[in-house]
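Trainee: Below is the structure I would like to discuss, written out as structure tokens.
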Amino acid sequence: MIDWGWLAGHLDAIAYRTWQHVYLAALGVGIGFAISFVLALVAARYRILYPPISALAGILFTIPSLALFAALISITGFSVVTAEVPLVLYTLVILVRNIVAGLDAVPAEVVEAADGMGHSRRQRLWRVELPLALPLIVAGLRLATVSTIGLVTITATISDAFGGLGHFILDGYHLGYFLTEMYAGAVPSIVLALAADALFVRAQRRITPWARTRATEAAA
Amino acid sequence: MPDQAARGAAIVEYQHVSKSYATARAARGTPGAVNDLSLTVPAGKICVLVGPSGCGKTTSLKMVNRLIEPTSGRILIDGADVAGRDATELRREIGYVIQQVGLFPHQTIGANVAVVPRLLGWPAVRQRERAEELLALVGLDPALYRDRYPAQLSGGERQRVGVARALAADPPLMLMDEPFGAVDPIVRERLQNEFLRLQAELAKTILFVTHDIDEAIKMGDLVAVMQVGGHLEQFAPPAEILAAPASEFVADFVGADRGLKRLSLTRVSELALQPVVTARVGDPAGDARSRTLADPFPYLLMLDASDRPIGWVSQGHIPATGSLAASLATPMSPLLDRRTTLKDALSMMLDADVQTGIVVDRTGRLRGVLTVEAIAAALRPSADPEVISSGTSTGGTSAAPQSGADA
Numbered sequence: 001m002i003d004w005g006w007l008a009g010h011l012d013a014i015a016y017r018t019w020q021h022v023y024l025a026a027l028g029v030g031i032g033f034a035i036s037f038v039l040a041l042v043a044a045r046y047r048i049l050y051p052p053i054s055a056l057a058g059i060l061f062t063i064p065s066l067a068l069f070a071a072l073i074s075i076t077g078f079s080v081v082t083a084e085v086p087l088v089l090y091t092l093v094i095l096v097r098n099i100v101a102g103l104d105a106v107p108a109e110v111v112e113a114a115d116g117m118g119h120s121r122r123q124r125l126w127r128v129e130l131p132l133a134l135p136l137i138v139a140g141l142r143l144a145t146v147s148t149i150g151l152v153t154i155t156a157t158i159s160d161a162f163g164g165l166g167h168f169i170l171d172g173y174h175l176g177y178f179l180t181e182m183y184a185g186a187v188p189s190i191v192l193a194l195a196a197d198a199l200f201v202r203a204q205r206r207i208t209p210w211a212r213t214r215a216t217e218a219a220a
Numbered sequence: 221m222p223d224q225a226a227r228g229a230a231i232v233e234y235q236h237v238s239k240s241y242a243t244a245r246a247a248r249g250t251p252g253a254v255n256d257l258s259l260t261v262p263a264g265k266i267c268v269l270v271g272p273s274g275c276g277k278t279t280s281l282k283m284v285n286r287l288i289e290p291t292s293g294r295i296l297i298d299g300a301d302v303a304g305r306d307a308t309e310l311r312r313e314i315g316y317v318i319q320q321v322g323l324f325p326h327q328t329i330g331a332n333v334a335v336v337p338r339l340l341g342w343p344a345v346r347q348r349e350r351a352e353e354l355l356a357l358v359g360l361d362p363a364l365y366r367d368r369y370p371a372q373l374s375g376g377e378r379q380r381v382g383v384a385r386a387l388a389a390d391p392p393l394m395l396m397d398e399p400f401g402a403v404d405p406i407v408r409e410r411l412q413n414e415f416l417r418l419q420a421e422l423a424k425t426i427l428f429v430t431h432d433i434d435e436a437i438k439m440g441d442l443v444a445v446m447q448v449g450g451h452l453e454q455f456a457p458p459a460e461i462l463a464a465p466a467s468e469f470v471a472d473f474v475g476a477d478r479g480l481k482r483l484s485l486t487r488v489s490e491l492a493l494q495p496v497v498t499a500r501v502g503d504p505a506g507d508a509r510s511r512t513l514a515d516p517f518p519y520l521l522m523l524d525a526s527d528r529p530i531g532w533v534s535q536g537h538i539p540a541t542g543s544l545a546a547s548l549a550t551p552m553s554p555l556l557d558r559r560t561t562l563k564d565a566l567s568m569m570l571d572a573d574v575q576t577g578i579v580v581d582r583t584g585r586l587r588g589v590l591t592v593e594a595i596a597a598a599l600r601p602s603a604d605p606e607v608i609s610s611g612t613s614t615g616g617t618s619a620a621p622q623s624g625a626d627a
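Shown next, in the form of structure tokens:
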């Protein structure tokens with residue numbers, strides 16, 4: 001069933017595509033997070049802007065990725081920008097909503113105490129609200145990363161230069177369902193998604209030690 | 221606390237302060253509105269703002285540190301209008317304690333206590349030292365609590381940390397909004413007592429909000445009773461609020477048992493104690509017997525060599541000859557401290573099923589006795605504590621010359 005000879009002969013290509021996959025996904029989530037962070041802070045500060053921001057992100061999420069690629073190719077050509085724009089746009093809806101939800105989840109009495117003790121608005125945000133929003137922010141990042149890793153495969157439709165591991169899936173399909181090559185794309189992509197998810201779980205435990213104490217107390 | 225005394229305490233003045241809310245809220249009975257509030261809190265005193273919910277007590281408090289801005293009027297701290305101050309700087313100079321405490325869940329207890337010092341840019345070492353000093357002050361072992369997170373503490377412990385945090389930068393003024401409202405009654409009572417003991421040392425100026433009249437009477441040097449709509453009904457020491465309510469609202473609010481509540485305001489030391497016939501162990505029995513028989517109160521109080529009470533001897537059991545043996549005495553009325561409140565004193569007497577409590581000084585020496593009648597007399601409206609003892613049935617006895625009961 002599996003053509004081991006093909007696999008052995010394409011280890012370099014698999015390694016390169018895996019690296020490209022990680023790169024494309026990380027770039028998409030990174031830029032998406034930066035944009036979402038700014039949008040979420042604006043939405044949290046000026047509440048009236050949250051519904052339109054959230055709605056816009058939701059609408060962008062509904063655009064089919066293939067249609068978006070086709071439209072973008074006429075503007076940005078076969079460049080990495082064409083590949084990244086959809087990846088970035090699709091993260092916004094998850095990240096903006098999770099960051100805002102995280103800020104909203106900060107208990108009112110904690111905010112009042114922070115104000116009452118003389119934090120400036122900026123100090124309150126960075127020292128109190130954002131740290132307490134971390135669990136929900138990280139949860140958003142997990143979801144966005146896993147879905148972006150899946151989406152990177154679609155970028156193979158732009159050209160051979162993109163797609164990460166998706167390149168093998170598309171190529172195997174074109175070769176008349178060459179399963180070995182399709183597996184060579186799909187399996188590492190799934191492993192990447194699982195690994196990224198596990199990494200975030202570990203990172204969250206590290207950066208939110210206070211949330212861990214409750215669990216250890218209960219276990220003790 | 222080297223710089224404790226230096227900062228001293230602030231004077232807070234409300235001058236015709238009003239706060240009204242927009243009509244949408246006004247239609248619903250203007251909760252939190254304040255109407256022309258003028259009062260002055262002297263330095264080093266606890267002023268309790270008390271009233272039903274929606275009376276504007278919390279609004280009044282939050283206008284001091286500008287969490288709420290007044291619609292009109294001025295609030296002065298040591299003569300300076302708070303409106304002229306930068307709000308964040310002002311707040312760092314005012315301790316703030318709220319009912320839900322609001323500790324930062326993501327910071328350790330040590331970091332929580334050091335929040336204001338950190339905002340003020342103290343060096344890290346000094347922040348840590350100050351946090352440990354304050355944890356010890358509120359009765360939490362720094363070594364045990366410093367590195368824990370708020371979620372690992374009980375409600376009472378969190379409240380203490382809240383008080384420690386508010387004291388961190390040694391503020392001359394503290395605002396406390398129902399600070400002991402979220403804990404069970406037993407813990408609340410203990411926190412109140414601890415706080416009063418702390419305040420006796422620190423002598424901060426404290427504005428304290430509660431809806432509980434008993435807490436107001438207990439904690440306040442001055443009590444401001446507020447009425448829904450933000451009217452100040454009465455501003456007076458608690459004893460005066462209870463003895464002479466300024467309005468029907470105040471009388472209703474303090475309750476029908478305000479006479480009884482006064483018991484918890486008065487301490488044994490404020491009543492004239494009655495003398496009693498006493499004799500030391502080993503004294504001649506005959507003399508003691510004749511002195512007891514001559515007294516309307518039919519008991520002799522036996523003392524040890526240091527004038528500490530041992531117990532009562534009924535006049536019929538005093539031998540006519542020989543010397544007094546300690547074994548004659550049967551214990552014992554409750555021993556009262558001069559700091560005991562009349563409420564506690566009465567309760568102890570009822571528990572022991574006796575009419576008389578023995579008042580001793582700090583070293584346990586007899587000061588005199590307190591009777592249920594004397595307490596009852598203290599309850600009478602307009603009772604003058606100085607006159608009480610002479611009117612009671614056991615009064616007018618001769619204190620034994622050797623008793624040392626110079627009450």
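Same order as they appear, the protein sequences are chains A and B. Number 139 in our numbering belongs to position 139 of the first sequence; there are no gaps in the numbering. With positions in the second sequence counted from 1, the corresponding number in our numbering is that position plus 220. Heads up, the beta-carbon is just placed ideally off N, CA and C, and yes, glycines get one too. Computed from a predicted structure; not experimentally measured.
1. For residue 209(A), tell me which candidate among 554(B), 257(B), 370(B), 287(B) has the shortest Cα-Cα distance.
2. Using Cβ-Cβ distances below 9 Å, what residues of the stretch 122-144 of chain A are close to chain B?
3. Kindly indicate which three-state DSSP category residue 396(B) falls into: helix, strand or coil?
4. Determine, using beta-carbon pairs with one atom in the stretch 352-364 of chain B and one in the stretch 315-327 of chain B, whether at least three such pairs fall under 8 Å.
5. Only counting runs of 4 or more residues, tell me where the alpha helix (DSSP H) segments fall wholly within the stretch 288-315 of chain B, in order along the chain.
6. Find the residues of chain A that neighbour residue 336(B), judging by a C-beta separation of less than 7 Å, and give them in chain order.
7. Using the C-alpha atoms, what's the distance from residue 127(A) back to residue 455(B)?
8. What alpha helix (DSSP H) runs, 4 residues minimum, are completely inside the stretch 485-548 of chain B?
9. Can you tell me the Cα-Cα spacing of residue 526(B) and residue 595(B), whole angstroms?
10. In whole angstroms, give me the CA-to-CA distance for residue 508(B) and residue 495(B).
11. In this structure, does DSSP put residue 577(B) in helix, strand or coil?
12. Report the three-state DSSP secondary structure of residue 481(B) (helix, strand or coil).
13. My output table needs one value for residue 431(B): the three-state DSSP class, helix, strand or coil.
14. Rounded to whole angstroms, what's the CA-CA distance from residue 344(B) to residue 103(A)? Just pull it up for me.
15. Just the C-alpha distance for residue 295(B) and residue 380(B), rounded to the nearest angstrom, thanks.
16. Checking 8 Å against the spacing of the C-beta atoms, do residue 549(B) and residue 505(B) come in under that value?
17. Taking residue 124(A) as part of the alpha helix (DSSP H), name the residues at either end of that continuous run.
18. Identify whether residue 368(B) lies in helix, strand or coil by the three-state DSSP scheme.
19. According to DSSP, residue 455(B) sits in a beta bridge with which residue or residues?
20. Tell me the rounded alpha-carbon separation between residue 569(B) and residue 282(B).
21. Measure from the C-beta of residue 560(B) to each C-beta in chain A and report whether the shortest distance is under 8 Å.
22. My assumption, with CB atoms under 8 Å, is that residue 419(B) sits in contact with residue 400(B). Please give the rounded CB distance.
23. Since residue 235(B) sits in a beta bridge, which residues does DSSP pair it with?
24. Any beta-carbon of chain A closer than 8 Å to the one on residue 311(B)?
25. Taking a contact to mean a Cβ-Cβ separation below 8 Å, would you say residue 403(B) touches residue 375(B) in this structure?
26. On the DSSP letters alone, give me the boundaries of the beta strand (DSSP E) that residue 256(B) sits inside.
27. Mark residue 416(B) as exposed unless 16 or more other C-beta atoms lie within 10 angstroms of its C-beta, in which case mark it buried.
28. Return the CA-CA distance between residue 278(B) and residue 398(B), expressed in angstroms with no decimal places.
29. What are the complete alpha helix (DSSP H) segments, minimum 4 residues, inside the stretch 30-97 of chain A?
30. Return no unless some Cβ of chain A is closer than 8 Å to the Cβ of residue 431(B).
31. Is the CB of residue 400(B) under 8 Å away from at least one CB in chain A?
32. Under three-state DSSP, which class holds residue 604(B)?
33. In the DSSP assignment, find the unbroken beta strand (DSSP E) run with residue 595(B) in it and report its ends.
34. Which two residues bound the contiguous beta strand (DSSP E) that contains residue 329(B)?
35. Quick one: what's residue 588(B) bridged to in DSSP?
Mentor: Result, derived from the coordinates:
1. 370(B)
2. 123, 127, 128, 131, 132, 134
3. strand
4. no
5. 307-312
6. 117, 118
7. 40 Å
8. Fully enclosed alpha helix (DSSP H) runs of 4 or longer: 505-513.
9. 28 Å
10. 15 Å
11. strand
12. helix
13. Coil.
14. 28 Å
15. 29 Å
16. no
17. Looking at the DSSP string, residue 124(A) is not in any alpha helix (DSSP H), and its letter there is neither H nor E.
18. coil
19. 444(B)
20. 44 Å
21. no
22. Not confirmed; about 13 Å, so no contact.
23. 294(B)
24. yes
25. yes
26. 254-261
27. exposed
28. 9 Å
29. 50-62, 65-76
30. Any Cβ of chain A closer than 8 Å to the Cβ of residue 431(B) would place that residue at the interface, and such an atom is absent.
31. no
32. Reliability fails at residue 604(B), whose pLDDT of 45 lies under 50, so the model's placement of it is uncertain and the value that follows must be treated cautiously. Coil at residue 604(B), not helix or strand.
33. Counting along the chain, residue 595(B) falls outside any beta strand (DSSP E), though it belongs to the alpha helix (DSSP H) covering 592-599.
34. Run containing residue 329(B): none in the beta strand (DSSP E); it sits in the alpha helix (DSSP H), 329-333.
35. 579(B)
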